[in-house]
Structure formats: C-alpha cells, structure tokens
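Student:
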Amino acid sequence: MGQTLNEDEELDPTKAKHQQRLQQKENHIKKQYKLAKMYKYEKYLKQPHRLAKHNTADCGKADCMLCGNPRRTHKMKTVQELKFEQTGQWIEDESKTDKSLTT
Ligand SMILES: [Zn+2]
C-alpha cells in the first residue's frame, strides 16, 4: 500500500511499460557487451549500440547458414525438438518395461 513504485505505475501505466522496454534493451546490450569484451569483438566494443538488435556472436542475418536457426536455413529439426522426441520414446519404453515387471 505504501510503496512509491506501485503508485507511479498507477499514475501512468503506459510510461512504466515504455521504461520497462527501454530497460530490457539496455540489459541486453550490457550482457552482450560483456561477451564482446571476453571474446574481443572490437566492432562492438567501439559501437555497443549495435548489440541492441542481435547477439555478439551472431551476424544478425536471419537466414545465415552458420548462425541461423537450422529449422529456417536447412529445414531440419532443432536439437531441442530431437531431444524432446527421444525423451518421449524413453518414457514409453520405461512404461512398457514397468508393466512387464509387474505382470
Ligand atoms: Zn551468421
């Protein structure tokens, strides 16, 4: 009830959301800037604002053959999807073995 932050949000909710979006961009840039320092990407160390739209190790092109999404570039399933399918099979097999043990 007595918190000043909530009162500000109640006064102008659109402004608070705008600030949140700006903060998200700044946080993203900070994180990626750390990586750029680590791996010495001089382009981004000189111009950190470039990191607002993509990550440090990406080139920024959506259909890039090296760093793009394999689903988009090669029409392959992603590693996560393959993993998910495998775990599904594993659970089915386990249930079968459990039944065989109980009967
Ligand atoms: Zn690329």
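Residue -14 is where the sequence shown starts when you use the numbering used here, and the numbers rise one by one after that. Backbone N, C-alpha and C fix where the C-beta goes; we use that ideal spot for every residue, glycine too. Since the model is a prediction, treat every value here as computed from it, not as a measurement.
(1) State the Cα-Cα distance for the pair asparagine 12 and phenylalanine 69, rounded to the nearest angstrom.
(2) Please state whether DSSP places glycine -13 in a helix, a strand or coil.
(3) Should lysine 46 be listed as close to ligand 1, given that the test is whether its C-beta is under 7 Å from any heavy atom?
(4) Pick helix, strand or coil for threonine 41, following the three-state DSSP scheme.
(5) Asparagine 40: which of Pro55, Thr(-1), Lys0, Lys10 sits nearest, CA to CA?
(6) Quick one: residues in its chain with C-beta nearer than 8 Å to the C-beta of alanine 37, no 5 flanking neighbours on either side, listed in chain order?
Tutor: Quick look at the numbers:
(1) Distance from the CA atom of asparagine 12 to the CA atom of phenylalanine 69, rounded to whole angstroms, is 31 Å.
(2) With a pLDDT of 46 at glycine -13, under the threshold of 50, the modelled position of this residue cannot be trusted; read the value that follows with caution. Coil at glycine -13, not helix or strand.
(3) Checking the Cβ of lysine 46 against ligand 1 gives yes.
(4) In the structure shown, the three-state DSSP call for threonine 41 is coil.
(5) The shortest Cα separation from asparagine 40 among Pro55, Thr(-1), Lys0, Lys10 belongs to Lys10.
(6) Only Lys10, His13, Ile14 meet the Cβ criterion.
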